Amino acid sequence: MFSRTTLARALALPIEHSSARSASTTFRACLHQATSTTTTTTSQPEAPLSATPRAQTSIPIQQPRFLTSSNSIPQTRADVPLNKQPVAPTFDAPLKVSQSLLELLPNLTSQKPHFITAHLHDRPYLLTAGDQLRLPFLMPKVKSGDILRFNRASVLGSRDFTLKGGAQYLDERLFECRVRVMGFESEPLRITEKTKRRRRHVQKVTSKHRYTILRVMDVKVKTAEELLEEGAVVVESADSAANVELKA
Amino acid sequence: MSSYFRITLMRSAIGLPRRTHDVLKALGLKKRMATVFHPVSPSVAGNIMKVKELVEVQEVDRRLTKQEVHLERKPDPGYYVEKRAGTELRECRRA
Amino acid sequence: MPVQGIRSVTAARNGVGAFILQCKRLEFHYCDWAGSSRGMLSYLKHQLPAFAKANPQIEIRVSPRPHKHPVVKGHYVNGREKAICVRNLEPEQIVKKVHLLKEASGEKLKRTKKPVTSLNESVRGIWSPYHGGLKSV
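Chains as they are written, first to last, in this note's numbering: chain A, 27 to 274; chain B, 45 to 139; chain C, -18 to 118.
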């Protein structure tokens, strides 16, 4: 919860920054050493407090940079970087596949049908081909008949095999999940009656949410041959995009 | 190189002494999960020390705007439009 | 021998292969005299031709209905119809109503709690306590 060294360094930060920075000693400034004047440690020479060399021991954490299309720092809600928008991705590095994944992938691809746990705005939906999906929001800038690709999935599976992404999502080049926008529906008008005590007045709150209706066209796990054809690189170590698991 | 404290209020000061409330107010933390940035200095560090049980502190290299802090939490949409409605029909006609 | 229901070979699943818009016909009714049709008349003159051109799959009928409020009716593939009264509405508001009718499926509005509705059998099968992973006591 609380970075003690960070704070201790700041408390001990003397006014003369320049001299402290130039000294390249690896003394870790400690809160007790900086504040208490009575104790003198053996490793420290007898010197006035301000003159003790204090070097920057911890490096500040680099903050992530979200660059918008205009290459500026996002200021308002309108500045959404490209990777947070629903646009087709561009890849600069080829897909890394481990040897074990290549060996186990035919088990999964040969067993039909498949299911996918696709994440839309971080909400999971378990889908199979032909399902109807009712999203709890009105999807912007689409109309009925459009074909969408889902590109965030945590789990791909068949009856006996599962491809899991682990902590992050599966690489979107491992599978194809297409859905079609069927239209927009709404729920029947809901009226909630609200009352206050000792008041003969009933407030009626209405709501009528609108939904996007989608139809899953296909859920396909790409085979090992297809992956290699598309330029996947085989890596020995385990830092590949996913791991296949045998179920029971 | 200047660095900043990134302070996030994790626990509310409700029920704590007035002094604790005042320290949070001085830091600019009004509600839980609010994030503020302050340059690394002894006075700010002292303030943090007063409320160290309530906040989470990181040392970072620059200030983030409010929108950038929001974007860190914003999830990916998870979809994109592959084909528009009319294009399929037009491809069929051409073929 | 237990009674077996008739198994359907296929279930209609629009959109998996081809996609058919569920709205097949839109009817616009107006009145030349009444003031509540003013917005509707403007819509019919200016916006409707472009809408009809952009949506060739929808049949569009325009007919007068004197001494009545203007109405837009949508007819759907499933045989149902939806009617929206557009009295005293501005042309821009009518555009929204027409869009709503076009994108609707024609089904009666229902409150559903689950986001996914599936006709498929479960991929993983139904769990059974007697198969697989048996633990001896």
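Each residue gets a CB set at the ideal place from its N, CA and C atoms; glycine is no exception.
The structure presented is a predicted model; accordingly, all values stated were derived computationally and were not measured.
- In this structure, residue 100 (chain A) sits away from residue 102 (chain B), with a CB-CB distance that is not shorter than 8 Å.
- In the DSSP assignment, residue 236 (chain A) forms a beta bridge with A:212.
- Under the Cβ criterion of 8 Å, residue 157 (chain A) is counted among the residues facing chain C.
- Within chain C, not a single residue places a beta-carbon under 9 Å from that of residue 135 (chain A); the smallest gap is close to 14 Å.
- Taking C-alpha positions only, residue -4 (chain C) is separated from residue 141 (chain A) by approximately 18 Å.
- Under the 10 Å beta carbon count, residue 77 (chain B) is surrounded by fewer than 16 other beta carbons and is classified as exposed.
- Here the stretch 96 to 105 of chain C does not lie against the stretch 32 to 44 of chain C, with fewer than 3 beta-carbon pairs under 8 Å apart.
- Between the stretch 48 to 55 of chain C and the stretch 4 to 12 of chain C there are three or more inter-stretch CB-CB distances shorter than 8 Å, so the stretches are counted as touching.
- With its beta carbon at least 8 Å from every one in chain B, residue 239 (chain A) lies outside the interface.
- Against chain B, the CB of residue 171 (chain A) has a partner CB under 8 Å away; the residue lies at that interface.
- Interface annotation, residue 142 (chain A): not in contact with chain B, CB-CB separation never under 8 Å.
- Closest in C-alpha terms to residue 215 (chain A), from the list C:38, C:-10, C:116 and C:89, comes C:89.
- Listed along chain A, the residues sitting closer than 9 Å to residue 106 (chain C) by beta-carbon distance are 185.
- Per DSSP, reduced to three states, the secondary structure at residue 82 (chain B) is strand.
- One thing to note: residue 204 (chain A) has its Cβ no nearer than 8 Å to the Cβ of residue 172 (chain A).
- At a C-beta separation below 8 Å, residue 160 (chain A) has no neighbours in chain B, since its nearest C-beta there lies roughly 15 Å away.
- Residue A:219 holds the alpha-carbon nearest to the alpha-carbon of residue 230 (chain A) among A:224, A:219, A:240 and A:178.
- DSSP, reduced to helix, strand and coil, places residue 163 (chain A) outside both helices and strands of the structure shown, so it counts as coil.
- In terms of Cα proximity to residue 256 (chain A), the closest of A:108, A:92, A:117 and A:86 is A:117.
- Within the stretch 18 to 49 of chain C, the beta strand (DSSP E) runs of at least 3 residues that lie entirely inside it are, in chain order, 40 to 45.
- The beta carbon of residue 240 (chain A) sits closer than 8 Å to the beta carbons of 158, 159, 160, 161, 174, 205, 206, 207 and 208 from its chain, once the five residues preceding and following it are set aside; these are given in chain order.
- Under the 8 Å Cβ criterion, the stretch 114 to 132 of chain A does not count as touching the stretch 87 to 105 of chain B, having fewer than three qualifying pairs.
- Rounded to whole angstroms, residue 200 (chain A) and residue 50 (chain C) show a C-alpha spacing of 56 Å.
- In this structure, the straight-line span from the alpha carbon of residue 23 (chain C) to that of residue 87 (chain C) is close to 27 Å.
- Per DSSP, the unbroken alpha helix (DSSP H) holding residue 136 (chain A) starts and ends at 125 to 136.
- What residue 206 (chain A) touches in chain C, judged by beta-carbon distance under 7 Å, is -4 and 0, going in chain order.
- For the options C:28, C:37, C:47 and C:-13, the alpha carbon positioned closest to that of residue 13 (chain C) is the one of C:47.
- Nearest Cα to residue 69 (chain C) within the set C:85, C:112 and C:19: C:19.
- Excluding five sequence positions before and after residue 151 (chain A), the CB atoms of its chain that fall closer than 8 Å to its own CB belong to 143, 144, 145 and 159, given in chain order.
- Our two residues, residue 115 (chain B) and residue 121 (chain B), have alpha carbons roughly 12 Å apart in a direct line.
- Residue 107 (chain A) and residue 84 (chain B) have their C-alpha atoms spaced approximately 29 Å apart.
- Inter-residue distance for residue 33 (chain C) and residue 139 (chain B) is about 26 Å (C-alpha atoms, whole angstroms).
- The residues 142, 189, 201 and 247, in chain order, have a CB closer than 6 Å to that of residue 182 (chain A) in the same chain once the five nearest residues on each side in sequence are set aside.
- For residue 91 (chain C), the secondary structure class from DSSP, reduced to helix, strand or coil, is coil.
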